[in-house]
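Report on the following structure.
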Amino acid sequence: MTTTGLVWAFGLDEHGVSIVGSVPGGLPAPSLPPLGMENVWALTPSALAIGLVGFMESIAVAKVYAGRHRYDIDANQELIGLGLANIAGAFFSAYPTTGGFSRTAVNDEAGARTTLAGLFAAGVIALTLLLLTPLFYYLPNAVLAAIIMVAVSGLIEWKEALHLWEVDRKDLGLMALTFVATLALGIEEGILAGVIVSLIVVIYQSSTPHTALMGRLPGTDTYRNLKRNPEALTQSNVVVVRMDANLYFATASAFQDLVRRIDTQDPSLQAAVVDMYPVNRIDSTGVGALKKVIETCRRHNVALYLAGVKGPVKDMLDEAGVTRMLGEDRFFFEVSGAVDAAEADVEPTDSGVESPLPDTPA
């Protein structure tokens, strides 16, 4: 109010101060939106993009304030609310409705705690459009920008950035990319850039799963990663491996490469045990990869055993013919049982030597 009065009193708008200017008053009369098929086909691509980006922005800001004020949100409920608001707004020529960062920040800074704040704000806006729009003519745009900047500045989580620096710098990089893209391109474009890069990272990580060569801990039947447990015992003619991922189209190639490496590196290898416990799901591509692994092992006269296969995965293998191809006697509940079966056919040779199989920390 003070700055508006100063601009009006001294005519600062005539000396370079940008002001809001005329604000159209009144409320639009309800009307039926045009629903012709021509409009539907023309607006569908834009409507899908606006709906997707708007929903992502709404959920993002909802999660921020849910964490800040310690309450839970239901994404489905949020989506239904946005949909109903946009359906109602269509009859009043309204812009697409979404949850905005700046408006939410201002609302929170004003002390809003319940949904009644939204109803109150809507009522004030309606009265303002009907009666008070001339008062905003001399309002400086810089004042509006300052209000939003002060409110939104509280959304920056500096502690979270420091935490990511210590824990996971990859996530910090994604956070920084989204932040810079939002500043340079806008909120919707920034969020979209963050989502796209995150999907690329997820796909890359899925296609390069962690693998481990395993050995038996002395005095136990427990098998663990040799890189983390160098004291674990191995045998030159029986190898135990594990891939920590589901076996599907993204990891099928990595699974084949894992078995191919151990199969071709050691001519004395006679048996291979694959710990399948981390595999919670397998698709048709994974089934095909497993069949190729079985064929590869047969060509090199290596007996293949599967341990820890979970029920749903075993059902899939039964239906796909993998169980019949490999043999029911090659499936075991525990790795130790599979190793015992392999040792019955080969000469056991315990050693503490670590295998040269490439590995990464578990």
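Per this note's numbering, the very first residue in the sequence shown carries number 1; after that it's consecutive. For every residue, glycine included, the Cβ atom is placed at its ideal position computed from N, Cα and C.
If you reduce the DSSP assignment to three classes, tell me which class residue i lands in.
| i | result |
| --- | --- |
| Pro218 | coil |
| Asn225 | strand |
| Val353 | Caution is warranted here: a pLDDT of 43 is assigned to Val353, below 50, making its placement in the model unreliable, and no coordinate value can be reported. |
| Arg260 | helix |
| Asp244 | coil |
| Tyr204 | helix |
| Tyr65 | helix |
| Pro134 | helix |
| Ile59 | helix |
| Pro358 | Unreliable placement is indicated for Pro358, whose pLDDT of 41 sits below 50; the coordinate value is still reported in the next sentence. Reduced to three states, the DSSP call for Pro358 is coil. |
| Ala271 | strand |
| Leu290 | helix |
Hey, would you say residue i sits closer than 8 Å to residue j, going by beta carbons?
| i | j | result |
| --- | --- | --- |
| Glu57 | Gly99 | yes |
| Ser336 | Asp221 | yes |
| Ala338 | Val287 | no |
| Ala176 | Glu189 | no |
| Ala90 | Pro33 | yes |
For residue i, collect the residues of the same chain with a Cβ closer than 6 Å to its Cβ; drop the 5 residues on either side in sequence, then sort them by chain order.
| i | result |
| --- | --- |
| Trp8 | Tyr138 |
| Phe10 | none |
| Leu317 | Thr323 |
| Ala49 | none |
Please go through the same chain and pick out, in chain order, the residues whose beta-carbon is closer than 7 Å to the beta-carbon of residue i, but skip the five residues on each side of it.
| i | result |
| --- | --- |
| Leu172 | Ala161, Leu164 and Trp165 |
| Leu129 | Gly25, Gly26 and Leu27 |
| Lys291 | Val322 and Met325 |
| Val197 | Leu174 and Leu177 |
Out of curiosity, what's the CA-to-CA distance linking residue i and residue j?
| i | j | result |
| --- | --- | --- |
| Ala66 | Ser153 | 17 Å |
| Arg228 | Gly215 | 10 Å |
| Leu35 | Ile125 | 29 Å |
| Leu79 | Asp72 | 15 Å |
| Phe332 | Leu326 | 12 Å |
| Ala85 | Ser206 | 38 Å |
| Gln77 | Ala60 | 14 Å |
| Arg261 | Arg169 | 31 Å |
On a Cα-Cα basis, can you pick out the residue from the options that is closest to residue i?
| i | options | result |
| --- | --- | --- |
| Pro30 | Gly83, Ile50, Leu233 and Phe92 | Phe92 |
| Thr250 | Thr285, Val195 and Met175 | The question names Thr, but residue 250 in the sequence shown is Ala. When only C-alpha atoms are compared, the closest one is Thr285. |
| Glu334 | Thr3, Arg242, Arg113 and Ala181 | Arg242 |
| Val239 | Ala272, Leu12 and Lys63 | Ala272 |
| Thr178 | Val195, Asp168, Thr104 and Glu231 | Val195 |
| Leu135 | Asn280, Thr208, Leu183 and Ile19 | Ile19 |
| Arg113 | Ile282, Ala62, Gly5 and Ala344 | Ala62 |
| Val106 | Ile156, Met149, Ala122 and Ala94 | Met149 |
| Arg281 | Ala42, Leu144 and Gly308 | Gly308 |
| Val259 | Tyr277, Pro230, Leu226 and Glu295 | Glu295 |
| Leu131 | Val23, Val274 and Asp283 | Val23 |
| Ala212 | Thr4, Ala232 and Ile203 | Ala232 |
For residue i, collect the residues of the same chain with a Cβ closer than 8 Å to its Cβ; drop the 5 residues on either side in sequence, then sort them by chain order.
| i | result |
| --- | --- |
| Ala289 | Leu247, Ala252, Ser253, Phe255 and Gln256 |
| His15 | none |
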